[in-house]
Amino acid sequence: MSGLTDNLYLLTPEFALAGLAFLVFAVDLLLPEERKHLLGWLAVLGLLGLVVLSLLLLPGKEATLYGGLLAIDGYALFFKVLFLGIGVFIILSSIDYVKLHLTHPGEFYGLLLFSILGMNLMAQSRELLTAYISLELLSFSLYVMVAYALGNPKSNEGSLKYIIIGAFSSAILLYGISMVYSSLGVTRFEGISAALSSITDLRPALWVGLALIIVGLGFKLAAAPFHMWAPDVYEGAPLPVTAYLAIASKAAAFALLLRLLAEAFVPVGDRWDQWQIIVAALAALTMLLGNLVALAQRNLKRLMAYSSIGHVGYILAGAAALSPDSLLGANGIIFYLVGYSVTSIMVFAALIAFFNATGQEEIADLAGLADRQPLLAMAVAIGLFSLGGLPIFVGFTMKFYLFTAVANAGFLWLAGLAIFTSLISLYYYLQVIRQMYIQPALAAPLPGEEDNPDNEHSSAEHTHTPSHHLPHDDYEPLPRPPAALLAVVVLGLIATVALGVYPAPLLELVEAASAAILPGG
Amino acid sequence: MEWAWLIPVFSFAVVPLIILFGKYLPGKGSPLAILAIIGGFVLFWVILFGFLNATPDTENCHIAEKTGALTCSYQRTWFDAGFPGTDNDVDKRVRLTWGIIIDPLAIAMLGLATFVALMVQIYSLSYMKGDARFDWYYAFHALFIAAMLTLVLADNFLLLYVAWELVGLCSYLLIGFWFERPTAREAAKKAFIVTRIGDVGLLIGILLLWREVGSFSMADAFVAAQSGAMSQGVATAAALLLFLGAMGKSAQFPFHVWLPDAMEGPTPVSALIHAATMVAAGVYLVARAFPLFAASGDALLVVAIIGLVTALGAATIALVSTDLKRILAYSTISHLGLMMLSLGAFGYTAALFHLLAHGFSKALLFLGAGSVMHATDELDIRKMGGLRKVMPLTAILFSIGALSLGGIPILAGFWSKDEILIAVNDHLHPAFIVLTLLTVLLSALYMARAMFVVFYGRFANAQEHAHESPPLMTITMALLGVLALFFGFMAFNWPGSYEGIGTFLFYDHPEGFHFVWWLGILSTVLAVAAFGYAYLAYVKRNDGLAGLKGRFAGLLRVVENKYYIDEAYQWSVDRVALTFSGFVAWLDRAVVNDVAVNGPANLVRRLGEVLKLHVTGHVYSYALAMALGLIGLAIFWWIQSV
Amino acid sequence: MVPLVYFQLLSVALFIIGLYGVMARRSAVLIVMSIELMLNAVNINLIAAASHREGTGSFINFDGQIIAIFIITVAAAEVGLAMAIIMRMYRNRATVNVDEIDLMKW
Amino acid sequence: MSNFDQSALLLIILAPLAGALLSVFLPRGRPNDAWYFAIFVSAITLILSLLLFARYDFSAGGYQFARTYEWLDAPLNIDLSLAMDGIAAPLVLLNGIVLFGAVLISQTIKHRTRDFFVLLLALGSGVFGVFVVQDLFFLFFFYELAVLPMYLLIGVWGSSTDFGSFVRTKEYGAMKLMLFLVAGSVLIWIGILALYVAAGQAGSPTFSLVTLGELSQSGHFGPDFQNWVFPLFMIGFGVLAGLWPFHTWSPDGHVAAPTGVSMLHAGVLMKLGAFGIIRVGMALLPEGAAAWMPVLIVLGTVNVIYGAISAMSQRDLKYIIGYSSVSHMGYVLMGIATLHPVGLTGAVLQMFSHGIMTALMFAMVGAIYERSHVRDITVLNGLMKRMGTTSFFFAIAGLASLGLPGLSGFVAEFMVFTGAFRTYLPLAVLAVIGAALTAVYILRLLARTFFGEADPQWEHLTDASPVEKTVGAAFVLILLFVGVWPAPLTRVINVSVESALGLF
Amino acid sequence: MSWFLFAILAVFTLGGGLGVVITRNVVHAALFLLVSLVAVAGVYLILFAEFLALVQVLIYGGAIIIVLLFAIMLTRTAEYPHISDNRQWPLAAVAAAGVGVVLGAAFWIKGVSQSAPHSPAFSELANSLFTRWAIPFEVASLVLLVALIGAIIIARAGEDNR
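Heads up: the protein sequence lines correspond to chains A, B, C, D and E, in order.
Here the first sequence stands for residues 350 to 870, where the numbers follow my numbering.
Here the second sequence stands for residues 202 to 843, where the numbers follow my numbering.
Here the third sequence stands for residues 273 to 378, where the numbers follow my numbering.
Here the fourth sequence stands for residues 2 to 505, where the numbers follow my numbering.
Here the fifth sequence stands for residues 7 to 168, where the numbers follow my numbering.
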């Protein structure tokens, strides 16, 4: 059938990405064990090349391939660059980790590249099956990468839980797809929206099907009540993979969800007005649960897991604020995703560096980091302040933007709840910062301090003593993190501040992206 | 006359100089202070004669309504508060001014203040010699006198209040001058706080008047009060509130407790501040605001009653006190009470006349006590006696003061007191005159007691080393003594040259000098009898007194304990105030903070601890949760769709 | 002629049986089997829908069957990977019972 | 308009921020370098603030030095628009002074000095920002920026104290302060969003204070709307202003905070709250304000009395001053709530005067604590002998705070009373009595700590260092100057008070 | 006739399914699964989806069951013959029933009025699979590749991590 495969060249980046993955596998065979870290640099260079390629090739291109399976538009381009970028930074921050703690580096990077491919396709696909398959490509890579610390039972357990729940939820997702298909006969997004707005006697099967699809995606987003896998998997996974899960797979899932909502649901008008409240309810539950439970965490990865659940809640609130005639909601979500990714990458890079040096990952282990390795401490602190929504960092600006959108869509209560929960989140972020800056180095946490971090006797031993009289010299400084991690951290710092102070340029791109999926706006 | 504002400014100016450079200046800067006050004293005469020559049509001068006195006032804007603009408007803005008023009252006070201050400062040169904080002493002195002069010159309530507070501050600083002594420290605190209570009333009164009048100018307030633009009730309230302030400053019952303790300060300070000038400020205030008081009769009655109670109570305590300075302090209180009483009895002239006479005499007495202290380092009169042998000059001068205040004829105190008796007799219930006469008797008695016990009778061997004080001290005392002797004649009408003080210091209408024979004789008899009895009791030592003491032992104890008023205060402060504040502080920490603040915080944290249990770690319960969520979501979606 | 609804009800029944299995079983292997049941339910549903022409004639397409093919493929891959992980688990912990696999919780 | 006027406001915000960023690159472990650099930066801001205040044309009044920088266009419409009016001018000056003083005093910070000054300067920049921005987004932005550093400043450089019956750790103080202030900003944020939405429904979605003001005057914000939104701002900003019963963060924060931080916290930070109520609440929601002011003035009076009474029985110097701050902020709140020109002028003046006075107190307490490591007034005594200058300066500050005429405190409080007497007579009387209570605890403090004979254990105490003397003397002079001649401040405040109250 | 077939197949499908989730013996469960899957293939047949039926039998009946049995043997634990359900199985039953009610109702209400089943020509199927669905097809192959690599890395014995 002609016409289907016209301007196939627009998919060059995807094919090139797959090619890059195979190249990595190939080179892997040639390199001796001690040189394998070069694969990481190879992947980084390749990804950067792909960024350049995409930026040369795609801007301004508007097309749908294969009769509406794939979209080539500003939205896809934006997320493509975002995902490639995330990939670059994740690889940069994992090179040393892989060298120190993991086997099979070649496969590791290869799988990572495949998963990036999957994410790109998720952002591009405009049809349920294509979306599903791309999502599975991402998920499968993640299943493997989570299990990558082979000897570590936690990693193993994490991947087992992940794949079981993943398969379970994809079964649900597929059942939803089947219901939609059996009641509309179409699986393309605009087909769905067209059918929704044209057909008069719609079947309940359709509604339930849509609900099931949302459940399936909700699992991928780790939105309550489909979130429970996240903490375990995050904790079990090797740190770079945790970072990747927290940042990339969430961003991809939202890229998919956003396109689905924007192209299939939002145009339907009054029905969407009724459905908004459902998303809002999910958002409220998610942000509350995530932030409250995070209060009780001791493990860094687990804390980041719950905090990311909280952020998912905020973004979902933004999704509830989508509207056919305003880009505010879409902008807010995309801006938030970018800001969240930037900040989290910085934090995780710092944590990875810390882990590489100490092998510790409990919050209490961070004690005195400000003295032992100030740069890392500053990065983590700034990152957490940013996630807590304080200026001059991007966290503040993105939250302000997103919550404004939410309020503007008539969900002032939801915005209020979001603001309140970010107050709660500030508390546990501050607990981490307290460990790094206030607790003296090497000071083992006092008994009872775990359950009550700011209780009275926590510093009864230095009453009436100004802190700067405390002996702060009994720490052993950490080695300077290697260049790759250093680069990530510094770039992250710069980006966090820059986006927080002057987001206008980024927001123009974001506008372009969201305009591509919400032509009405 | 428009240069009158320089009088305080002189002294204000020298304060920072002394504080900053005192250490390096000759005499630690004391000459500066004295120079300043000399300048003030000179200027006072200039102004006095300027004023005597002034007529209602001199510029800035007019006959004040109601008081009927010639009044000159000069003003400068201080600052505006509220919307920009010039005219006072109670809802838009208020203009605050530096303004001075020059009228007989102000001039009289000027004279008293500058003269006594001058005397005392000279006296202090040798009295305070060698003190570690000599320079600070003179700085505070200068500051005080500056504030005091501002106080008497102020033409609006706000400026008056400012000066009022400043003199209070100086009294605090000078009482606590030897702050190493716990007693001095506590006395200073007590003085400040007790007077402060009165000041609250004063401030409220002032603001109340502003609320009614829209400006802080006294004249406007009085006009409003007299013309009835201000309701009777408000006028009474305002008057009483002002009087509250006056009670604090002038140590009227029940605010008198601070003055005796204030004797912890250096004696010259007691002479200047706590006898002659500052404590008289209360009387001055009432006199100044007399139109307001006059507008509401009840206020005046209250003034009279308080005055009488104070006068009588203080006199009795003075009678049994054994500390020389405290005797003088209580006598001061008592005489201030008399002045208030007289004001309450429309005895405007009498009150002010007595204020002046008492000022000179009491200053003299304090300086005398000071020189005794200087000589003996002793204040307990029971350990003294026959000092006239060693310090004759002091003895004579002290006696003059005592006789004058004791009301022995031809001395100043006699005439002024006589005027008061007349006023009381004319305007108040007979009971008042009786009690007033009793007070007169008592005051004569305690004066005589102090005088005889200290200077006459058997020489107490405790004081061989005692000696006459240096000339600087005796000379100043002598000058005051002269005034104590002859100031009374100011009351008379010297045909041709001078018509008596009543035509200068008066309210509503000039008063000639008048004399009621029976009152005069009666008071004289009482005074003489008192001195006679004292002579027998303390010099000749016949033991009638002991029997008397024995008979009234119970009463005596009450009086010796100053009617337990201090104890009452102490109790109310310790038991009530501190307990209550302790309770509030506890409330703030235990309830507001630990419960209302930490409570919710901990609650949220506990909530997290509980909620986290839902992640069981078992994959099948995750699946279950998803299934339940699925059901909920599906139904929700379904409902929202149909 | 069996109406479409009955096929759909059949798939629902199979689906919830699988669902129950996932939620109720202890052995990871059994859970994976149950998931396979669910996927088959999906396939039944798709194929039934694909091969019934609707009276209102809104669609004739066999996308359903294609989707089913993909699902079968992915399911196979899933089982393979899951089994690998389970074996690794067995080697690490000597058990594959999910209620003993709770190192990480809360 | 000279170039200076064009960019002065941006400069004064950016100078400390730039200073902070540059300080990051100073070498570690060389405390003095960081200190000198911070002095340099804060001196610049001080000069800028002086120039701004001097060049503010009070005869013209209104907003001056206005300048708008494009930031975000539609759909959010956020601009960084700066302008300063007569209410902000004194506060900008205040911040310049106190920041400089705080930096000087912080000479004693020897541990992680660089980080300390980075945070301190960032805080200062945030405060400047709040005072001069004309856009709700940036107002909130700088507001949070001013709050953010407090946690670390207190947590790292603060001190924990054991009061026997209870303990206050620096962690606790810092955390409580942080959460309280951010909780307040939650309400503010919600209020801001509500305003934005309302403006959007009125057809021009914006955060610009100017535009919102026009909308509110053209009656686009209904009474009901104003009545539920205003309390958000009143309480939200009130928390920072120490509004009872949301004040407990303040004394505990002081007890934990290091000297320089206490100075900024009590001297400037708490003023942000009151300023916010004026700038946002009253300007945009006049009807709501009018409806809620009775509540505010009651709470303000409670502040005055409650703070004073609690201070009476405290034993820790910093607690006493902390509670006295609560009490004095009560006057500010009262002055605002009177909605009376004189009262409001007094409120603004009180912000200035209290800022200087309390900063001076904390500076001197810091000097004492540095040397004795004790703040318990029952343990300290006779300091007048050992540390004459310090005690003298402290005494002056104390007298100012008990409203002694001739010092700035009196003028301000007195104006507040005046306004209150016109509008809420009974409460005003209570407030005057509260002022008398101040005398009780201040004198008690002076008597216990500075007068009397000194214990031998205090023999070793040395008097204030030259730096401390400089700061103290400067602040004392300011107190005196304002007390004797407040016109330079009042005439500036008056004009803007007129425009602020024009809506009522 | 078709009713009869449908009933038979439904019985086997569900029976097999129930067997999987109820039996206490893991090996039996695998065999029950086989039964069910083959029955499903039969269902495909009466829906005229011969190709799918073929695929079903080959991949499921062939590959997957074998993999499962291998796994069972390699992870043989003592309790495989009498594996029990976990503690929450009653809850699970309730939840499953709930889901069933919702889904069933969703299908039952306003069920499709349909005409005779028909089937696409095999060639059409293949054609569209390799043209229109080319991208998913290629991605699916990548998925398989990933799974393959992953399975090798994870399951390969010996070298655990340092």
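Positions of the beta carbon are idealized from the N, C-alpha and C atoms, including for glycine.
By the criterion of at least three beta-carbon pairs nearer than 8 Å, the region 361-372 of chain C is in contact with the region 295-308 of chain C.
Linking L834 of chain A to L856 of chain A through their CA atoms gives a straight-line distance of about 27 Å. Exposed is the label assigned to D225 of chain D, since fewer than 16 other Cβ atoms lie within 10 Å of its Cβ.
In this structure, DSSP gives I421 of chain A an extended state, which the three-state scheme calls strand. For H34 of chain E and A348 of chain C, the gap between their C-alpha atoms comes out near 20 Å.
Taken atom to atom, the span from the alpha-carbon of L487 of chain A to that of F138 of chain D is near 39 Å. Across the region 725-744 of chain A, CB contacts with chain D closer than 7 Å involve F734, L739, P740, I741, in sequence order along the chain. For A728 of chain A, the closest C-alpha among the options A:A601, A:V838, A:P673 is that of A:V838.
N369 of chain C is bridged by DSSP to C:S299. Within chain B, the residues whose beta carbon sits less than 8 Å from that of F575 of chain A are A826, M827, G830, listed in sequence order. Cα atoms of V366 of chain D and V487 of chain B: separation of roughly 42 Å, rounded to the nearest angstrom.
With fewer than 16 other Cβ atoms from the protein chains shown falling within 10 Å of its own Cβ, K330 of chain B counts as exposed. The secondary-structure analysis by DSSP pairs D91 of chain E across a beta bridge with C:R297. Along the region 612-649 of chain A, the alpha helix (DSSP H) occurs as fully enclosed runs of 4 or more residues at 619-643, listed in sequence order. Taking C-beta atoms as the reference points, L542 of chain B and L509 of chain B count as a pair closer than 8 Å.
Taking C-alpha positions only, G383 of chain D is separated from T450 of chain D by approximately 6 Å. The beta-carbon distance between L604 of chain B and L612 of chain B, rounded to whole angstroms, is 5 Å. This is short enough to meet the 8 Å contact definition. Contact between V294 of chain C and V73 of chain E does not hold, since their C-beta atoms are separated by about 18 Å, which reaches or exceeds 8 Å. Sorting A:L369, A:L570, A:D581, A:V529 by C-alpha distance to the C-alpha of L397 of chain A places A:L369 at the top.
C-alpha of S670 of chain B to C-alpha of G571 of chain B: approximately 10 Å in a straight line. Between T517 of chain B and I534 of chain B, the gap from beta carbon to beta carbon reaches 8 Å or more. The beta carbon of L233 of chain B is closer than 8 Å to those of V215, L218, I219, L226, Y339, A343 in its chain, skipping five residues each way along the sequence. Contacts with chain D at 8 Å (Cβ-Cβ) do not include W695 of chain B.
Neighbours of A354 of chain C across chain A, judged by C-beta separation under 9 Å: Y492, L509, I512, I513, A516. Distance from the CA atom of L700 of chain A to the CA atom of I397 of chain D, rounded to whole angstroms, is 52 Å. Assigned with DSSP and collapsed to three states, H660 of chain A falls in helix. For the pair of segments examined, the region 249-265 of chain B was found not to touch the region 372-390 of chain B: the number of CB pairs separated by less than 8 Å stays below three. Under the Cβ distance rule, N289 of chain B does not count among the residues neighbouring chain D, no pair being separated by less than 8 Å.
About 19 Å separates the beta carbon of Y275 of chain B from that of G240 of chain B, a gap too long to meet the 8 Å contact definition.
For D80 of chain D, no alpha helix (DSSP H) run applies; the uninterrupted beta strand (DSSP E) run containing it begins and ends at 79-85, by DSSP.
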